[in-house]
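The next block holds one structure in the form of structure tokens; read it before the comments.
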Amino acid sequence: MLLNRNKFGGFRPAKILKQEKMDAPITSDIVIINGNSHPDLANLIASRLGVKNGGCSVYHKTNRETMVEIGDSVRGKDIYIIQTGTKDVNNNIMELLIMAYACKTSSAKSIVGVIPYLPYSKQCKMRKRGCIVSKLLARMMCTSGLTHIITMDLHQKEIQGFFDCRV
Numbered sequence: 001m002l003l004n005r006n007k008f009g010g011f012r013p014a015k016i017l018k019q020e021k022m023d024a025p026i027t028s029d030i031v032i033i034n035g036n037s038h039p040d041l042a043n044l045i046a047s048r049l050g051v052k053n054g055g056c057s058v059y060h061k062t063n064r065e066t067m068v069e070i071g072d073s074v075r076g077k078d079i080y081i082i083q084t085g086t087k088d089v090n091n092n093i094m095e096l097l098i099m100a101y102a103c104k105t106s107s108a109k110s111i112v113g114v115i116p117y118l119p120y121s122k123q124c125k126m127r128k129r130g131c132i133v134s135k136l137l138a139r140m141m142c143t144s145g146l147t148h149i150i151t152m153d154l155h156q157k158e159i160q161g162f163f164d165c166r167v
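Below, the structure is given as structure tokens:
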């Protein structure tokens, strides 16, 4: 139960206001694009925010190289890239990096990576004759053009220090 302090120093139950359904404003400064990892999640987020899903095509050539084509103009806009790393982790990472770099070279204002599960986050410690893979991935993401990263599952909070952009 929520409690509010009254003017006499005591507490009283807070009024719970009836929440009305609010429609999100449709804005043209936000573009949501997604790779092949979870298109349903991207469509759900776009419909919830009232923003159209940007025209981005991600496909693989016959030699398994990843190709990205962004159909809409992203110049001066805030780009949100919805991509997770669950099944085909390495291809999903490459799709994310190529989409971010394509937006960066197309003069996007900011590029935010929305990554519900950050791949390689459990490999955050130095092993014998090994490397810290999550640090490498963090540098690759920031170098590709991501200005912010939104994630839900960091294995260790210290992973935030690996990034040069906001996490």
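For the sequence shown, the residue numbers in full-length UniProt numbering are 1 to 167.
From the three backbone atoms N, C-alpha and C, an ideal C-beta is built for every residue, glycine too.
Since we're looking at a predicted model, the values are computed, not measured.
- The continuous beta strand (DSSP E) containing Y80 extends over residues 78–82.
- For S110, the enclosing beta strand (DSSP E) stretches over residues 110–117.
- Exclusion of the five residues before and after K52 leaves A46 as the residues of its chain whose Cβ lies within less than 7 angstroms of its Cβ.
- Within the same chain, and ignoring the five residues on either side of T84 in sequence, the residues whose Cβ sits closer than 8 angstroms to its Cβ are S37, H38, L41, N92, I115, P116, Y117.
- Rounded to the nearest whole angstrom, the C-alpha separation of K87 and P119 is 10 angstroms.
- Taken through DSSP and simplified to helix, strand or coil, E65 comes out as coil.
- Setting aside the 5 residues that flank it on each side, N43 is surrounded in the same chain by N53, each with a C-beta closer than 7 angstroms to its C-beta; the list follows chain order.
- Following the DSSP letters along the chain, one finds V51 in no alpha helix (DSSP H), marked with neither H nor E.
- DSSP places V89 inside the alpha helix (DSSP H), whose first and last residues are 89–105.
- Looking from the CA of I111, the closest CA among L154, T66, T143 belongs to T143.
- Setting aside the 5 residues that flank it on each side, G55 is surrounded in the same chain by G71, D72, each with a C-beta closer than 6 angstroms to its C-beta; the list follows chain order.
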